[in-house]
């Protein structure tokens, strides 16, 4: 997922493609506690909604959501490594 997130940051991957890819990672999501899936789904929904608007007309910035996705990924990685 780190690679896909980096591609999104660089404009090489769209928000919808990242969301679709992330949601398809069912084995990963099932190996984490349920709250991780809930948080990820919320972040992906916000990412997709934010992609429909320009930065100025959206109540949250895409950069902030990407940073939150990075934080989610870091915490998920820590959780999996310590399981």
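Residue numbers (the working numbering): 185 to 267. Idealized CB from N, CA, C, for every residue including glycine. All values reported here derive from a predicted model rather than from experimental measurement.
Task: Where residue 195 falls, given that 16 or more other Cβ within 10 Å makes a residue buried - done: Taking every protein chain shown into account, the CB of residue 195 has fewer than 16 other CB atoms within 10 angstroms, so this residue is exposed.
Open item on the list: Taking the alpha carbon of residue 192 as the reference point, which residue from 209, 228 and 259 has its own alpha carbon closest?
Closed with: Cα-wise, what sits closest to residue 192 is 228.
Open item on the list: Please return the same chain residues whose Cβ sits closer than 7 Å to the Cβ of residue 260, not counting the five positions on each side in sequence.
Closed with: Around residue 260: 216 and 220.
Task: Which listed residue (258, 256 and 250) has its alpha carbon closest to that of residue 197 - done: Residue 250 is the option with its Cα nearest to residue 197.
Task: Short Cβ contact (8 Å threshold) for residue 246 with residue 231 - done: Cβ distance < 8 Å, so residue 246 and residue 231 count as in contact.
Task: Three-way DSSP call (helix, strand, coil) for residue 231 in this model - done: Helix, per DSSP.
Task: Whole-angstrom distance between residue 255 and residue 265, CA atom to CA atom - done: Near 15 Å, if we compare the C-alpha coordinates of residue 255 and residue 265.
Task: Opening and closing residue of the alpha helix (DSSP H) in which residue 266 lies - done: Here residue 266 belongs to no alpha helix (DSSP H), and DSSP marks it neither H nor E.
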